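Taking the working numbering, the leading residue of the sequence shown gets 10, the next gets one more, and so forth. Just so it is clear, CB atoms sit at the ideal spot from N, CA and C, and this is done for glycine as well. Just so you know, these numbers come straight off a predicted model, no measurement behind them.
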Amino acid sequence: MLIPCYPAYMIIKLSYAFRSLRINFNVTMLDLQCEYATVDIVDALGTNSMNVTKNVEKWQLDAAGRRMIFQGRNREQKAIHHEEHHQDINELHKNGIHAVEIDQASFDNFLSNHPYVFINFFAPWCIWCQRLEPTWETMAEELERINEEEMNLDVDIAKVDCVLNRNLCGSQRIQAFPTLRFFKDAKQYGIDYKQDRTVTAMLEFLKQKVELEKTMEDWHPRRKQRMLEIREHPGCMVSGHVLVNRVPGNFHLEARSLHHNLNAAMTNLSHVVNHLSFGTPLDTSMLRKISKYSQFQSISPLDGGVFMSDTFHQAHHHYSKVVSTYFEVGGMMTKAHDVVGYQMLAQSQVMHYDEMDVPEAKFSYDLSPMAVVVIHKGRRWYDFVTSVCAIIGGTFTVVGLIDAALYKIIKGGKQL
Numbered sequence: 010m011l012i013p014c015y016p017a018y019m020i021i022k023l024s025y026a027f028r029s030l031r032i033n034f035n036v037t038m039l040d041l042q043c044e045y046a047t048v049d050i051v052d053a054l055g056t057n058s059m060n061v062t063k064n065v066e067k068w069q070l071d072a073a074g075r076r077m078i079f080q081g082r083n084r085e086q087k088a089i090h091h092e093e094h095h096q097d098i099n100e101l102h103k104n105g106i107h108a109v110e111i112d113q114a115s116f117d118n119f120l121s122n123h124p125y126v127f128i129n130f131f132a133p134w135c136i137w138c139q140r141l142e143p144t145w146e147t148m149a150e151e152l153e154r155i156n157e158e159e160m161n162l163d164v165d166i167a168k169v170d171c172v173l174n175r176n177l178c179g180s181q182r183i184q185a186f187p188t189l190r191f192f193k194d195a196k197q198y199g200i201d202y203k204q205d206r207t208v209t210a211m212l213e214f215l216k217q218k219v220e221l222e223k224t225m226e227d228w229h230p231r232r233k234q235r236m237l238e239i240r241e242h243p244g245c246m247v248s249g250h251v252l253v254n255r256v257p258g259n260f261h262l263e264a265r266s267l268h269h270n271l272n273a274a275m276t277n278l279s280h281v282v283n284h285l286s287f288g289t290p291l292d293t294s295m296l297r298k299i300s301k302y303s304q305f306q307s308i309s310p311l312d313g314g315v316f317m318s319d320t321f322h323q324a325h326h327h328y329s330k331v332v333s334t335y336f337e338v339g340g341m342m343t344k345a346h347d348v349v350g351y352q353m354l355a356q357s358q359v360m361h362y363d364e365m366d367v368p369e370a371k372f373s374y375d376l377s378p379m380a381v382v383v384i385h386k387g388r389r390w391y392d393f394v395t396s397v398c399a400i401i402g403g404t405f406t407v408v409g410l411i412d413a414a415l416y417k418i419i420k421g422g423k424q425l
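As structure tokens, this is what we get:
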């Protein structure tokens, strides 16, 4: 059987100076809400793009890691309005403290004795918490007036200092300050409050909660149970692509918010790299053609990697050496042309952070100034046909010579 030979060889040449490079990524953050997940780009030319949203989409995940709620594409973080004019907190406390401060020792007992509780988990050093404090106290005082004069909402307002009650806030998984959480019958009820931080908006939120509870009394038990089980699982899939300069740099996923201070003690950057590659994605037919090259296997070495952070104040950093690779692709009847791919040599390591620093999942890259050309050198169809004909002709010639020699030998033997 005749098998055509296709030797492959490589040529090293200078890399073409394209203006920018595309990075394709799909990363699942296992313990970070989409609201706080941001993509930043930094490079050696001084580029420092924060919270990149163009061509980036986010999906909130459920406990099983399935995509549950689409959080938007090219979406900026939502703006939150605050009260602009309020009395000093000391002035508000002259007629008594209306927002009760509770600690770890009294937390469970307080929730058990009050059917509805709206709690502000804060840190004294948090600038957003400082801004919210007089609003929170005013809202608690106004709620007491509504309960006496208009309608009894039966909601108690409380607050927890997470600096003094670190273990309590850790058990409640408080990732950012302030976190405003509604409790019913000593259990979290619904997702955290993320709307405007004004007295009017928060009171309207509480009224809707209580009215919904009254409406649910007529619901089927199964529907009511589904409503009570709604939770905001802290998992987010961040995917898309970014365009970067062709110089050493990095893009990283970090927890950040425009209206919160992140709790560094509870920021967990464990993640799964579903996909990471460089360059314009190839279509299915082209992928099939170049998959025969061994060099193609180094296109996405991090895909499928699971990078868990066992403790807080640490995160995985990934380093990739990227080499431009030109695969020569062509058929028997078509002209060969180059397909550009990017080989990666990747390694990862765990980096440790100071207690007050928020960790980040960093993907650093360095582009080689050289490029590799991979040529699959084959023979044209007419060369192959000519070779086959030559082999067949040669075979007939050899057989003829052997036949003639045998004929003479046999004939000579008979004559003797």
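Under the criterion of beta carbons closer than 8 Å, GLY313 and ARG31 do not qualify as touching, at roughly 21 Å. For the beta strand (DSSP E) assignment, the uninterrupted runs of no fewer than 3 residues enclosed by the segment 254-336 are, from N- to C-terminal side, 258-264, 280-287, 314-316. Membership of LYS67 in any alpha helix (DSSP H) is not indicated; the residue belongs instead to the beta strand (DSSP E) covering 65-70. VAL407 carries a helical assignment under DSSP once its states are collapsed to helix, strand and coil.
Here VAL338 is near VAL348, since their CB atoms are less than 8 Å apart. Burial state of LYS168 is buried, judged by a 10 Å Cβ sphere holding 16 or more other Cβ atoms. GLN323 is positioned such that its CB atom lies no closer than 8 Å to that of HIS268. Between the segment 270-290 and the segment 60-68 there are fewer than three inter-stretch CB-CB distances shorter than 8 Å, so the stretches are not counted as touching. Nearest C-alpha to HIS280 among ARG297, CYS245, LEU296: CYS245.
For ILE128, the uninterrupted beta strand (DSSP E) segment begins and ends at 125-131. The Cβ-Cβ distance between GLN352 and SER303 does not fall below 8 Å.
Under the three-state reduction of DSSP output, CYS43 falls in the coil class, being neither helix nor strand. Taking C-beta atoms under 8 Å as the contact rule, PRO187 and ASN129 qualify, at a distance of about 5 Å. Assigned with DSSP and collapsed to three states, ASP392 falls in helix. Contact check for GLY258 and VAL51: beta-carbon distance about 6 Å, within the 8 Å limit, so the pair qualifies. DSSP places THR188 in the uninterrupted beta strand (DSSP E) bounded by 188-193.
Beta bridge pairing from DSSP links VAL169 with PHE130. Across the set TRP145, ALA132, CYS135, LYS103, the C-alpha of TRP145 shows the shortest separation from the C-alpha of VAL109. Where VAL36 is concerned, the enclosing beta strand (DSSP E) starts and stops at 29-38. In this structure, ARG255 places its C-beta atom within 8 Å of the C-beta atom of SER29. Ranked by how close their Cα comes to the Cα of ILE166, the residues GLU142, VAL36, THR56, ALA370 have GLU142 in first place.
The C-beta distance from SER329 to ALA355 rounds to 5 Å, short enough to meet the 8 Å contact threshold. Here PRO310 is not near GLN42, since their CB atoms are 8 Å or more apart.
In the DSSP annotation of this structure, the continuous segment of the alpha helix (DSSP H) that includes MET225 starts and ends at 208-225. Residue environment for ASN174: buried (at least 16 other C-beta atoms within 10 angstroms of its C-beta).
Around the CB of ASP40, 16 or more other CB atoms lie within 10 Å, so the residue is classed as buried.
Residues TRP68 of the same chain have their beta carbon placed closer than 7 Å to that of PHE79, with the five preceding and five following residues left out of the count. The Cβ-Cβ distance between VAL359 and GLU263 does not fall below 8 Å.
DSSP places VAL382 in the strand class (E or B) of the three-state scheme. The beta carbon of ASN35 sits closer than 6 Å to the beta carbons of SER248, ASN283, HIS284 from its chain, once the five residues preceding and following it are set aside; these are given in chain order.
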